[in-house]
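For what it's worth, the numbering used here labels the leading residue of the sequence shown as 482, then goes sequentially.
Think of the CB as a built atom: it goes at the ideal place given N, C-alpha and C, for glycine as much as any other residue.
Here the structure is a predicted model, which means the values were calculated and not measured.
Here the structure is laid out as structure tokens; the discussion comes afterwards.
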Amino acid sequence: MIEMGRRLDERGPRFGFVSPVPAGAGWHSLSEAATAGLLADWLDECPASRAGMRNVAAAGTSLKLANCVLRPLMATLHLEHRVPDLTAADVFVQRRHVGRLALRPVLLLGLPGDPEIGRPELRTAELVGAAAERIHAVFSPVLQGIRAEGRYGLRGLWGGVLDMIGAASLVVARGAGLPQAQVWSTTERLLDEVARRTSLPTRRPQPFSVRYSGGEAMFTVKGTCCLRYREHGLRAGECADNETAYCHTCPFADEGLRRRHYAEQMERG
Numbered sequence: 482m483i484e485m486g487r488r489l490d491e492r493g494p495r496f497g498f499v500s501p502v503p504a505g506a507g508w509h510s511l512s513e514a515a516t517a518g519l520l521a522d523w524l525d526e527c528p529a530s531r532a533g534m535r536n537v538a539a540a541g542t543s544l545k546l547a548n549c550v551l552r553p554l555m556a557t558l559h560l561e562h563r564v565p566d567l568t569a570a571d572v573f574v575q576r577r578h579v580g581r582l583a584l585r586p587v588l589l590l591g592l593p594g595d596p597e598i599g600r601p602e603l604r605t606a607e608l609v610g611a612a613a614e615r616i617h618a619v620f621s622p623v624l625q626g627i628r629a630e631g632r633y634g635l636r637g638l639w640g641g642v643l644d645m646i647g648a649a650s651l652v653v654a655r656g657a658g659l660p661q662a663q664v665w666s667t668t669e670r671l672l673d674e675v676a677r678r679t680s681l682p683t684r685r686p687q688p689f690s691v692r693y694s695g696g697e698a699m700f701t702v703k704g705t706c707c708l709r710y711r712e713h714g715l716r717a718g719e720c721a722d723n724e725t726a727y728c729h730t731c732p733f734a735d736e737g738l739r740r741r742h743y744a745e746q747m748e749r750g
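The following block contains the structure:
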């Protein structure tokens, strides 16, 4: 686990993780966050909560947590072909800096021939199912907590997790030079498996391709909006070219602006 976290750190931004969990204050497991009142404090600190939009704070907080956790997990799956056998008690974030992730050392599930995994060995299709099972276990307690504290439904919260699975998978593919269509094919199976476990009619992220001088790159449009536009006094889809009110992956954002933004990003990269 330790070496894998370091190895992934070298492959791309926030692909890696810390293991074991660093000593000292400030690190909280997702199971602790769900039960110890920490979520209420996190939501209270959001400007949207102070403006009376607790549901907007809930949506934004859940996405921040999902991005922190899922980028390393998608790097582990797509680059290492491994799945850490995690529960919510094994996944730690920092209260004031949710961008960092720490994991307890746990058993690794992986493919035949991998010298670092436990037993039993898994086929590729089984690995995707194992990843879905762990993602569902990791996020279920904290999403239930956010639902209670933030007055925002589980359908939207799980929709955000699916969106971050899709976005993080393609970030890993682009950053590590993996075949993006192949990564997306695996990701679609993972989305199916996670959605099946939630038993909720949740919208999925959708891929799209952007042409630039180096070829084509794949990105996703979210299936679930994070409601940020409400902080700007707008209704859904109103002023769709407002880049402050809508993120570029928002389903309500202007399509032409979205494509130009990512084409320019790839040219700069």
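Sequence-distant residues of the same chain with beta carbon closer than 6 Å to residue i, five excluded per side
| i | result |
| --- | --- |
| Thr568 | Ala618 |
| Lys545 | Val579 |
| Ala726 | Tyr710, His713, Leu715 |
| Phe620 | Val642 |
| His729 | Arg739, His742 |
Reduced DSSP secondary structure (H/G/I, E/B, other) of residue i
| i | result |
| --- | --- |
| Met482 | coil |
| Ser694 | coil |
| Ala700 | First, the residue type needs correcting, since residue 700 is Phe and not Ala in the sequence shown. Three-state result, Phe700: strand. |
| Phe496 | coil |
| His713 | helix |
| His509 | strand |
| Leu635 | helix |
| Phe620 | helix |
| Pro682 | coil |
| Val537 | helix |
| Leu608 | helix |
| Val587 | coil |
| Pro688 | strand |
| Ala648 | helix |
| Val675 | helix |
| Gly656 | helix |
Neighbourhood of residue i by C-beta distance below 8 Å, restricted to the same chain and skipping five residues each side
| i | result |
| --- | --- |
| Gln625 | Ala515, Leu635 |
| Gly637 | Ala540, Thr705 |
| Gly656 | Arg492, Gly493, Pro494, Phe496 |
| Met534 | Leu708, Arg711, Glu712 |
Nearest residue (CA-CA) to residue i, options the options
| i | options | result |
| --- | --- | --- |
| Glu614 | Thr605, His562, Leu671 | Leu671 |
| Ala506 | Glu602, Asn723, Phe573, Arg655 | Phe573 |
| Ile646 | Val664, Asp571, Pro565 | Val664 |
| Val675 | Thr701, Val623, Gln687, Ala611 | Ala611 |
| Ala540 | Thr679, Glu630, Leu511 | Glu630 |
| Arg628 | Asn536, Arg678, Glu602, Ala662 | Asn536 |
| Arg552 | Gln687, Thr668, Gly750 | Thr668 |
| Thr683 | Trp639, Val691, Met699 | Trp639 |
| Ala538 | Glu745, Asp522, Pro601, Glu719 | Asp522 |
| Phe496 | Glu748, Gly695, Ala648 | Ala648 |
| Thr542 | Pro686, Gly656, Val623 | Val623 |
| Leu738 | Asn723, Gly750, Arg749, Pro528 | Asn723 |
| Gly750 | Gly696, Ala606, Arg585 | Gly696 |
| Glu597 | Pro565, Glu748, Thr605 | Pro565 |
| Leu651 | Gly486, Arg487, Pro494, Met485 | Pro494 |
| Cys549 | Val691, Leu603, Ser666, Arg581 | Arg581 |
| Ala461 | Pro528, Ser666, Ala529, Gly486 | The chain is shown from 482 up to 750; residue 461 falls before or after that span and cannot be answered. |
| Leu659 | Met699, Arg685, Arg692 | Met699 |
Short Cβ contact (9 Å threshold) for residue i with residue j
| i | j | result |
| --- | --- | --- |
| Leu520 | Val653 | no |
| Val502 | Ala583 | yes |
| Leu588 | His562 | no |
| Asp735 | Ala721 | yes |
| Ile616 | Leu554 | yes |
| Thr701 | Phe689 | yes |
| Leu558 | Leu608 | yes |
| Ala547 | Asp673 | no |
| Ser694 | Glu745 | no |
Close Cβ partners of residue i (< 7 Å) along its chain, the five nearest in sequence each way excluded
| i | result |
| --- | --- |
| Cys731 | Lys703, Cys706 |
| Tyr633 | Asn536, Ala539, Ala540, Ile627 |
| Leu681 | Leu635, Arg636, Trp639 |
Residues that residue i bridges to, as DSSP identifies them
| i | result |
| --- | --- |
| Gln625 | Bridge partners of Gln625: none, in fact. |
| Val574 | His509, Leu582 |
| Arg563 | Gly591 |
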